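What follows is a set of notes on a single structure, which appears directly below.
Below, the structure is given as structure tokens:
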């Protein structure tokens, strides 16, 4: 113990007048109080500083906090060694990925990839029936109930599917959390979409081939369109007009020319009634037969 203050163990020079300086390893055995807890600070969320006042670990309401000052970050290492100049996610500490308060994982220019090497897969087979499976899905719009709203869940109407319905078509897309609620993760949707477009393309090609064959057959036979049959009323009107024309023609040959109903002219051009004209016509016809 120094006269100027401070206490030192295994060394003669305390670091400060108000500190305990230990040269070597420090080992704590047993409890520091009757409750078996080690307390740092005097208020909730007081931090345990591992290096200095800029970095620390704290606990509040059964939640652990990791905090770093400024724009620093966190690094986790398993074995091996690391360099203090290369432990950021990007060169110079450039932001590459962020988990937002809304529960979204954001990247700058990169993508999230999964292994797809053929050497890591077995039982590979062709997939078919995508159109039927897509047709069985029911896209819906919905709102979350109070029980379904997470602290970061945005308000308003959403578009998507119902997990129970999707489970009947793609059971591998649906999983269950620890509370028994179903979760939807559409793994492999890209393969379903691509296969669906391929099946549509094959159907369109088959229909195109059938249409081309029908058009070629029609062009080879040169089918003449059939004239539609004349309606019965039109045929009767046409026959009636023909009868009237024949009657007028016979009357003209007898020396009469019908002008209008009830009025006629004889051969000399004099006006006469229809009755006189018919009588004269009969006389002319009888004279022609007697001669």
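Residue numbers (this note's numbering): 3 to 293. C-beta atoms are modelled at their ideal positions from N, C-alpha and C, and glycine is treated no differently. Every value quoted in this text rests on a predicted model; they were computed, and no experiment measured them.
For the pair residue 25 and residue 8, the Cα-to-Cα distance works out to about 14 Å. Under the three-state reduction of DSSP, residue 69 is assigned to strand. In the DSSP secondary-structure assignment, residue 177 is bridged to 185. The beta-bridge partner set that DSSP reports for residue 9 consists of 22.
Between the alpha carbons of residue 193 and residue 222 lies a distance of about 44 Å. A residue is called buried once 16 or more other Cβ atoms fall within 10 Å of its Cβ, and residue 158, having fewer, is exposed.
The C-beta distance from residue 142 to residue 164 rounds to 6 Å, short enough to fall under 8 Å. Here DSSP, grouped into helix, strand and coil, assigns residue 117 to coil. Note that the C-beta distance between residue 198 and residue 132 is below 7 Å.
Residue 212 and residue 219 have their C-alpha atoms spaced approximately 11 Å apart.
The Cβ atoms of residue 184 and residue 171 do not sit closer than 7 Å to each other. For residue 220, the enclosing alpha helix (DSSP H) stretches over residues 191–223.
A straight-line Cα-Cα distance of about 11 Å links residue 208 and residue 215. For residue 142, the secondary structure class from DSSP, reduced to helix, strand or coil, is strand. Within a 10 Å sphere around the beta-carbon of residue 182 sit fewer than 16 other beta-carbons, which makes this residue exposed. Taking all protein chains shown into account, residue 58 has 16 or more neighbouring C-beta atoms within 10 Å of its C-beta and is therefore buried. Annotation: residue 158 is outside any beta strand (DSSP E) and is labelled neither H nor E by DSSP.
Separation of residue 167 and residue 136 (C-alpha to C-alpha, rounded to the nearest whole angstrom) is 12 Å.
In this model, residue 245 and residue 253 are separated by some 13 Å (Cα to Cα).
Distance check between residue 115 and each of 190, 238, 243 places 190 closest, using alpha-carbon atoms only.
Burial is judged here by how many other beta carbons sit within 10 angstroms of a residue's own beta carbon; residue 156 has fewer than 16 and is exposed. Of the candidates 15, 202, 69, 13, 202 places its Cα closest to the Cα of residue 134. Considering only 140, 160, 23, 249, the residue with the shortest C-alpha distance to residue 147 is 160.
Membership of residue 149 in any alpha helix (DSSP H) is not indicated, and neither H nor E is assigned to it by DSSP. Excluding the 5 residues flanking it on each side, residue 186 has same chain C-beta neighbours closer than 7 Å at 163, 165, 168, 175, 176, in chain order. Residue pairing by DSSP places residue 127 opposite no residue, since no beta bridge is assigned to it. Check the Cα spacing between residue 130 and each of 240, 247, 13, 204: the tightest is with 204. When rounded, the separation of the alpha-carbon atoms in residue 13 and residue 111 is 54 Å.
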